[in-house]
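Student:
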Amino acid sequence: MVHVDHTDGTLRFRVTDDGPGFDAGVGGAGHGFVNMRGRPGVVGGTLEITSGAGGTTVVGTIPGPT
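Reading the sequence shown from the start, the letters are residues 14 to 79 in our numbering.
#1: Tell me which residues share the same chain as Gly22 and place their Cβ nearer than 7 angstroms to its Cβ, disregarding the 5 neighbours each side in the sequence.
#2: Sorted by chain position, which residues of the same chain lie with C-beta nearer than 8 angstroms to Gly54's C-beta, five sequence neighbours on each side aside?
#3: Can you find the residues in the same chain that come closer than 7 angstroms, C-beta to C-beta, to Arg50, ignoring five residues on each side of it along the sequence?
#4: Ignoring anything shorter than 4 residues or poking outside the segment 24-58, list the alpha helix (DSSP H) runs there in chain order.
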């Protein structure tokens with residue numbers, strides 16, 4: 014499921030699934046999560062990835078122009 018909200022000049026998004034999840038603390042061989050977390054930070058945003066037996070959730074914010 015994808016949820017997007019834009020209030021007070023900030024874009025907020027949440028992507029969730031109900032899959033088996035994974036151990037978010039264990040790094041893989043690629044750079045996917047590093048790249049995903051870094052991109053919002055370039056513009057002052059945030060990205061958080063949580064995962065467990067019930068699925069995975071990615072939540073992020075991106076501030077609007079000032």
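All C-beta atoms in this analysis are idealised placements derived from N, C-alpha and C, irrespective of residue type, glycine included.
Tutor: So, to answer that:
#1: Excluding residues within five positions, the ones whose Cβ falls inside 7 angstroms are Pro76, Gly77.
#2: Close CB contacts of Gly54 within its chain, under the 8 angstroms cut and outside five residues either way in sequence, are with Leu60 (chain order).
#3: So the list reads Leu60, once near-sequence residues are dropped.
#4: Taking 4 residues as the shortest admissible run, the segment 24-58 contains the following complete alpha helix (DSSP H) segments, listed from N- to C-terminal end: 45-55.
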